[in-house]
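Trainee:
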Amino acid sequence: SFDLTAPGQSVQAGAYDITLIEGAHCPPDRFPGVITEPVTPPTRAPAYRCGEAWSTLVHHRPTDRRLLVVGSAGFVPGALDSTQADVV
């Protein structure tokens, strides 16, 4: 497993702060689990496991603008409560 940051902790990248926020896949999660080895097409859809879902908050420090990318229609209750963004 390769972790760039802990959930909710910001990482700096140039003029940006990037924060990953844990989410959830919307039900039904037809192919739960993580991909543990490379998937080589052509293959059946179940090979593409859903794994984790994340939202990404990108903060441009010089302008104090924020962009929130929500990775799934599912959500973790309360996870985005303190998150503010100019664009979602």
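The opening residue of the sequence shown carries number 1 in the working numbering; numbering runs sequentially from there. Even glycine gets a Cβ: it sits at the ideal position worked out from N, Cα and C. All values reported here derive from a predicted model rather than from experimental measurement.
1. Please go through the segment 22-60 and give each complete beta strand (DSSP E) segment of 3 or more residues, from N-terminal end onward.
2. If you draw a straight line from the C-alpha of S55 to the C-alpha of E37, how long is it?
3. Output needed for P46: all residues of its chain with C-beta closer than 7 Å, excluding positions within five of it in sequence on either side, in chain order.
4. Grab me the residues of C26's own chain with a C-beta within less than 7 Å of its C-beta, minus the 5 sequence neighbours each way, in chain order.
5. Can you tell me whether L67 is helix, strand or coil according to DSSP?
Mentor: So, to answer that:
1. You should have 54-60.
2. Position 55 of the sequence shown, counted from the first residue, corresponds to residue 55. Position 37 of the sequence shown, counted from the first residue, corresponds to residue 37. Approximately 24 Å between the Cα atoms of the pair.
3. For this step, residue 46 is matched to residue 46 along the sequence shown. Excluding residues within five positions, the ones whose Cβ falls inside 7 Å are F31.
4. Here residue 26 refers to the residue found at position 26 of the sequence shown. So the qualifying residues of the chain are S72, A73 and G74.
5. Locating residue 67 in the sequence shown gives position 67, where the first residue counts as 1. If DSSP states are grouped into helix, strand and coil, L67 belongs with the strands.
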